[in-house]
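Following: one structure in structure tokens, then a few remarks.
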Amino acid sequence: MVTFKDQLYAWRGVIFALFLRELQSKFNDKFGLGWAFLEPFAFIFALSYLRGLISGDDIHSIPLFLFMMIGMVGLQSLTTCLQSVSTSVRRNKPLYAFRQVQPISAVLTAGFLEFSIKVVVVALLSLALYLMGETFEVNDPLLLISLFLLLWVFSISIGLIFAIAAAFVPEVDKIKSMLTRPLMFISCVFFSLQDLPEEYWPYLTWNPLVHFNELARYACFESYGTKGVSLNFLIEITIVFLFLSLSMYHITWKKVLSR
């Protein structure tokens, strides 16, 4: 008789094997993990240069490069995790012939891989800041870590919803692409919420990424403030989408296997 402990060991082995498989397929060129660092660094540098022409060396008490770095890390954490998780069920479909491998294992593996990559990228970006002479102290590291974990759970939840929907309607992938493209301009990456008149804030604050970026900047610099954003909103919407995604998976995962 198979015990629950044996099932956990088997599940851990499946996730570890899937993790190695995903890691090898994601970085199978010469640069490997270097691309994960070079791409955001070059993009942050370009955006910082363009924003510097408009507003100078700092934005609401935050150094320009740090302002852009926080926004870009938040945006790419959401979009890369969403893309990887939403396609993980389809990518690993041949492996479902093995009884131990289930779609949720592929989803968790993809989410954990993207989380691990972003941790390494943030560490490398912090090292780059130190070498550039941009030293600073994080005002509230616990809040910053909590925000990153909330964003990770939110991204996996949204990705799982899209993965299930795409299993029944493949055209959902096109809708996902259309929805993610404007995020660069409506998520307070290039600008701050405080740059806009308050009457326009309701058109942006429905977006959880706005709250994440603004609160992450506040967690690093207390002088930035939290006007217009709410941690409670982030927690509530993350719980809602987590519950919705798990409910959809529980109802449909057997049908997903047969698609």
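Note that UniProt numbering has the sequence shown beginning at 1, numbered continuously upward. Even for Gly, the Cβ is constructed at its ideal location relative to N, Cα and C.
Same chain, Cβ closer than 7 Å to residue i, five either side skipped, listed in chain order
i	result
ASN139	ALA219, CYS220, PHE221, GLU222
GLN76	PRO40
PHE115	TRP152
ALA110	GLU22, SER84, VAL85, SER88
MET69	ILE44, LEU125
VAL172	PHE162, ALA165, ALA166
Beta-carbon proximity check, residue i vs residue j, cutoff 8 Å
i	j	result
LEU204	LEU151	no
ALA165	ARG90	no
LEU125	PHE43	no
LEU209	GLY74	yes
ALA106	LEU18	yes
SER155	LEU82	yes
GLU199	LEU113	no
THR189	ASN213	The question names Thr, but residue 189 in the sequence shown is Val. A contact, by the Cβ cut-off of 8 Å.
HIS211	VAL229	yes
LEU147	LEU215	yes
LEU246	TYR96	no
LEU196	PHE136	no
LEU242	SER177	no
LYS169	VAL101	Sequence check: residue 169 is Val here, not Lys. No. Outside cutoff.
TRP253	PRO103	yes
ILE62	ARG217	yes
Three-state secondary structure (DSSP) of residue i
i	result
THR217	For the sequence presented, residue 217 should be read as Arg rather than Thr. In this structure, ARG217 counts as helix in the three-state DSSP scheme.
PHE98	coil
LEU196	coil
ASP173	helix
ASN139	coil
VAL227	The sequence as given places Lys at residue 227; Val does not occur at that position. Residue state, collapsed to three classes: coil.
PRO202	helix
PHE241	helix
MET132	coil
VAL189	coil
PRO208	helix
PRO182	coil
Residues of its chain near residue i, where Cβ-Cβ distance is below 6 Å and the 5 sequence neighbours each way are ignored
i	result
GLY52	LEU64
THR180	THR79
GLN194	HIS60
ALA163	SER86, VAL89
What are the start and end residues of each continuous beta strand (DSSP E) run of 3 or more residues lying completely inside the segment 5-86, in chain order?
none
Below 8 Å, how does it come out for the segment 230-241 and the segment 89-107: are there three or more Cβ pairs, yes or no?
no
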